[in-house]
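Notes to accompany the following structure.
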Amino acid sequence: EMSAEERAFQEKIDAEIKIEAKNWMPEAYRRTLIRQISQHAHSEIVGMLPEGNWVTRAPTFKRKLQLMAKIQDEAGHGLYLYSAMETLGADRDDEIERLHRGEVKYSSIFNYPTLNWADMGTIGWLVDGAAIVNQVALQRTSYGPYSRAMIRICKEESFHQRQGYEILLTMMREGTDEQKAMVQDSINRFWWPSLMMFGPHDSDSPHTGQSMAWKIKRHTNDELRQRFIDQTIPQLEFLGCTVPDPDLKWNEARGHYDFGEIQWEEFYQVLKGNGPCNRERLRTRKNALDEGAWVREAAMVYAKKQQQKQQQ
Ligand code: ACO
18 EMSAEERAFQ EKIDAEIKIE AKNWMPEAYR RTLIRQISQH AHSEIVGMLP
68 EGNWVTRAPT FKRKLQLMAK IQDEAGHGLY LYSAMETLGA DRDDEIERLH
118 RGEVKYSSIF NYPTLNWADM GTIGWLVDGA AIVNQVALQR TSYGPYSRAM
168 IRICKEESFH QRQGYEILLT MMREGTDEQK AMVQDSINRF WWPSLMMFGP
218 HDSDSPHTGQ SMAWKIKRHT NDELRQRFID QTIPQLEFLG CTVPDPDLKW
268 NEARGHYDFG EIQWEEFYQV LKGNGPCNRE RLRTRKNALD EGAWVREAAM
318 VYAKKQQQKQ QQ
């Protein structure tokens, strides 16, 4: 039996009226959002690391500038998202501590290594491409601050996707055989993990039902995964590459691509902290926080001194 408050809340959701920070909301709605938005923010921040690995080895000055700009955008996305999360009463430092203790999740994709320059193209094209499909849907999420953050983030993500694709296109059109092989190798490694970004099958997704009813999610995991595959395969063909899936095939009757089964055991191992780079990623984040402690401390002391000066 719903309370009057809960009924009024659900009516607002059904009428597509956004929920704002000061509005009444069920505690479980608040908790779900804090979980999803913090996970999303952590993903943006941890997601800087695989690309950071290539800043010093970018092939040209322009590529280096592009890559740095993109990585800085990801930092910005993390900051908008932590701010959106704080409007729900969560504390940023607490959530970051929980991340560093390994208690909360961030996107599985960022636990894979970046082994060659083509990976910078593939991450922009496939990984940010998958992120966009998910985030375009989230622009219509029911919580106002999250929805508005997504609108801004999506504009920047589309730039990331294009710069990634352009890296690959250049390698495929102007590159040596070795460089072309690098592109295919990179796609082979990132294809399946990109599909895993959308989460488990709907039938195995504990949160989808309630999150759809609250319109936190506007499409299910499987719907978005299919949309991503359908829009990506023509781009793959234009590149002249393939994906490592013998079952991938256009299905005329469905009007969609059929595809093979994802290795869910690998997905759950990565979620448990056992992916190729999980430990390294968390260690790097923790070190960055520890090594920056003196800067934060100095800034606080300086701010206090300035304040005292003004009071004199
Ligand atoms: N990586 C890590 N964890 C995942 C992933 C993934 N790819 N997919 C699902 N999970 C987790 C969920 O967070 C949930 O964990 P929890 O119960 O411990 O909190 C669990 O697996 C079960 O999954 P679902 O029931 O499907 O969870 P949910 O309804 O939250 O859907 C989804 C998962 C689609 C990722 C959703 O949270 C979402 O849309 N998040 C916002 C987008 C986002 O985080 N993007 C980050 C990557 S893109 C980027 O940053 C560039």
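Count along the sequence shown from 1, then add 17; that gives the number in UniProt numbering. Where a beta carbon is used, it is the ideal one built from N, C-alpha and C, also for glycine. Quick caveat: nothing in here was measured; it's all calculated off a predicted structure.
Going by C-alpha to C-alpha distance, which of the options sits closest to residue i?
i	options	result
Pro261	Trp142, Gln180, Gln201	Gln201
Ser124	Val144, Val153, Arg179	Val144
Leu116	Tyr99, Thr225, Leu132, Thr104	Tyr99
Cys294	Lys122, Pro130, Ala21	Pro130
Arg165	Val153, Phe176, Ser175	Val153
Ala45	Glu191, Glu23, Phe276	Glu23
Arg80	Met137, Glu33, Gly93	Met137
Leu186	Leu96, Phe255, Ile250, Ile34	Phe255
Ile30	Ser228, His218, Ala75	Ser228
Pro162	Pro67, Thr104, Gln83, Trp41	Thr104
Ala101	Phe284, His57, Trp71, Met65	His57
Gln150	Tyr160, Gly64, Ser159, Ile168	One point to set straight first is that residue 150 is Val, not Gln, in the sequence displayed. Of the listed residues, the one whose Cα sits closest to Val150 is Ile168.
Pro217	Arg242, Trp208, Lys303	Arg242
Glu278	Ala147, Asp239, Ala310, Asp194	Asp239
Tyr274	Asp247, Lys172, Lys322	Asp247
Gly93	Ala147, Val63, Ala310	Val63
Tyr285	Asp111, Ile184, Asp221, Phe26	Asp221
The alpha helix (DSSP H) with residue i in it runs from where to where?
i	result
Phe281	In the sequence as displayed, the identity of residue 281 is Trp instead of Phe. Unbroken alpha helix (DSSP H) run through Trp281: 281-286.
Asp202	194-213
His177	161-191
Glu22	21-31
Leu155	145-155
Ser124	From DSSP, Ser124 is part of no alpha helix (DSSP H); its letter is neither H nor E.
Asn70	Run containing Asn70: none; DSSP gives neither H nor E here.
Trp311	310-328
Arg244	238-256
Ala75	That residue, Ala75, is in no alpha helix (DSSP H); it is neither H nor E in DSSP.
Ser228	225-230
Thr259	No alpha helix (DSSP H) holds Thr259; DSSP gives it neither H nor E.
Gly64	Taken as a continuous stretch (DSSP letters only), Gly64 belongs to no alpha helix (DSSP H), as it is neither H nor E.
Met42	Where Met42 is concerned, there is no enclosing alpha helix (DSSP H), given that its DSSP letter is neither H nor E.
Asp136	135-139
With which residues is residue i paired in a DSSP beta bridge?
i	result
Trp267	Tyr274
Ile54	Paired residue(s): none; Ile54 is not in a bridge.
Ile36	Tyr160
Would you kindly check if the distance between the Cβ of residue j and the Cβ of residue i is under 8 angstroms?
i	j	result
His107	Ile51	Before going on, a small fix: residue 107 reads as Ala here, not His. Contact: yes.
Ile204	Gln53	no
Ile126	Pro263	no
Gln178	Trp142	yes
Asn128	Arg298	yes
Met199	Ala135	yes
residue 9	Gly69	Outside the displayed span of the chain (18 to 329) sits residue 9, for which this structure offers no information.
Met189	Gly257	yes
Glu91	Glu61	yes
Thr49	His224	yes
Leu82	Val72	no
Gly181	Thr139	yes
Trp267	Ser159	no
Thr301	Leu66	yes
residue 16	Ser55	This structure cannot speak to residue 16, because the chain is shown only from 18 to 329.
residue 9	Phe276	Missing from the structure shown is residue 9; the chain here goes from 18 to 329 and no further.
Met42	Ile36	yes
Quick one: is the Cβ of residue i within less than 7 angstroms of any heavy atom of the ligand SAM?
i	result
His224	Looking for the ligand SAM in the displayed structure turns up nothing; the ligands present are the ligand ACO.
Alpha helix (DSSP H) runs contained entirely in the stretch 82-117, provided each spans 4 or more residues = Runs of the alpha helix (DSSP H) inside the stretch 82-117: 109-117.
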